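Below is one structure, written out as structure tokens; comments come after it.
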Amino acid sequence: MNEDTHVFYRNPFTTYPVIARGEGAYLFDTKGKRYLDACGGAVVSALGHNVPEVVEALKAQLDSVEFAHTSQFTNPPQEQLAELLAELSPGGLNHAYFVSGGSEAVESAIKMARAYWVQMGRPEKWMVIGREQSYHGNTLGALAAGGNRWRRALYEPMLYQRPRVSPCYCYRCPFDKDPAHCALECADDLERAILEVGPEKVSAFIAEPIVGATAGALVPHENYFRRIREICDRYDVLLIADEVMTGLGRCGTWFAIKQFGVVPDMICMAKGLAAGYVPIGATLVHNHIVDTFHNRRNVFQHGHTYMGHPLAAAAGVAVIKYMQQHKLVERSKKMGEELITRLREALHDHPHVGDIRGRGLFCGIEFVLDRATKHPFEPELAFHRILGETAFANGLIIYPMGGTLDGRRGDHVLIAPPFIITKAQIGRLVELLVKSIDATVA
Ligand code: PMP
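Right, dumping it as structure tokens:
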């Protein structure tokens, strides 16, 4: 299949099995092999595969209309989805700008921040600052805000050179502090960066509430975001929460940022929003920003052909309703506790497991060569990659990532199964994972 076709594959050096069907927490390839989908590809499949209610909602929408451009029409599902999101999100984020994925949501937020400051008579405020060990998307604006060095490398110099800002990485505190007694030096690092650039040039700060792909479910200090909000307010900098991975129940609450006691100015979402049934993204925008765009001369000049697509919005509505009906956000919290307990029981004394962390069904495991010194594996070993491949061969899909520390060193995996996962399936997941780790280490 891979030899003589014209698909430009993600990785041309790999032969991919062919997907045949999905059911619940499982995927099946055309050879009949079954995979326990423990990360929905890249933290997408929140409901599991082939949920009849979502499939029916898509069919019903197709029966009425498949597409009408948003420059000419609105459509019922996008109105309904915006209402649902406004109800569920932290207060005041009442406007949903619909796009087709996470990068578009972030790109829209970056441009919206800039447009906002133009309306406010401060056009020199344009730079969006992000942190090291972060990822906000592959488009050039989002890439420049993020700190994933591996993805940035080929495209340097970036659209703009933002200052380096430390992540809140308690397992390896960049300031060598004990998190129980620290003074949140990592949060204050944002203030240093804003002052370095000049507050008059900074439009926004973007951060994932719990860092996903680049750091393996890094949960911040409980007061981190409160300090960040204070700093943003002090220097007139908007706060953008990138909830592309963490949003829609993944971390045990509808929005992860709610767990840290602040209301951001914008929230970017995608992935779990339509749970993989169709591509969708959204930027939730606070009233105080939208209010500045209500002058006919000052509309927000941006747009994508497929924004507000009726099918995408219909899937989003069906996903949220299904989650509400089956109390899946509560389930994500409960099963997440079960998962982390089982992982800790199975791996707490494993010589190469440095840290197990996360919230809800969003768990990360960081691997080390030496537990005592936290020394990482040599990058040439590609520990995370071999572990991911071994798990895949064993019928378990996880999300492996490397370069956690400095773009080269550091290995972790994300485990983020669908919320419908059962206790028995969690048991099987842990069993397959331990087997795969042991085979990788051997
Ligand atoms: N932000 C975060 C936090 C992400 O994890 C991702 C994707 N992994 C993106 C943005 C970009 O989303 P997409 O791949 O849908 O463009």
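If you use the numbering used here, the sequence shown closes out at 442, no skipped numbers anywhere.
Glycine included, each C-beta is placed from N, C-alpha and C at the ideal position.
Here the structure is a predicted model, which is why all the values come from computation and not from measurement.
Pair within 8 Å by beta-carbon distance, residue i and residue j
| i | j | result |
| --- | --- | --- |
| P418 | D37 | yes |
| A180 | C363 | no |
| M323 | G249 | yes |
| A109 | Y169 | no |
| G281 | L81 | no |
| T283 | A105 | yes |
| F28 | A20 | yes |
| E53 | A313 | no |
| A204 | A113 | yes |
| A68 | G48 | no |
| H352 | V368 | yes |
| V197 | P167 | no |
| T422 | V329 | no |
| V65 | P376 | no |
| R229 | V202 | no |
| G92 | H286 | yes |
Proximity test, residue i beta-carbon vs the ligand PMP heavy atom, cut-off 7 Å
| i | result |
| --- | --- |
| Y9 | no |
| E132 | no |
| M120 | no |
| V106 | yes |
| E208 | yes |
| A109 | no |
| V319 | no |
| M307 | no |
| Y135 | yes |
| N394 | no |
| G101 | yes |
| D242 | yes |
Straight-line gap, residue i to residue j (C-alpha atoms, nearest Å)
| i | j | result |
| --- | --- | --- |
| G144 | A46 | A quick correction: the sequence has Ala, not Gly, at residue 144. So the alpha carbons of these two residues sit roughly 29 Å apart. |
| Y155 | T139 | 11 Å |
| P220 | D4 | 47 Å |
| G137 | K111 | 14 Å |
| G388 | A416 | 14 Å |
| K327 | I340 | 20 Å |
Residues that DSSP places opposite residue i in a beta bridge
| i | result |
| --- | --- |
| E23 | Y26 |
| T283 | Y97 and C268 |
| I340 | Its beta-bridge partners do not exist; DSSP assigns none. |
| I415 | C363 |
| Y399 | L414 |
| H6 | Note: H6 sits in no beta bridge, so no partner. |
For residue i, the nearest candidate out of the options (CA to CA)
| i | options | result |
| --- | --- | --- |
| F225 | E79, T440, P264 and G247 | P264 |
| H384 | G137, G410 and H375 | G410 |
| R227 | F255, E191 and G252 | E191 |
| I437 | P12, D242, D188 and T390 | T390 |
| Y277 | K59, T30 and H6 | K59 |
| G336 | G146, K321 and I356 | I356 |
CB contact below 8 Å: residue i versus chain D
| i | result |
| --- | --- |
| V285 | The structure shown contains no chain D; it is built from a single protein chain. |
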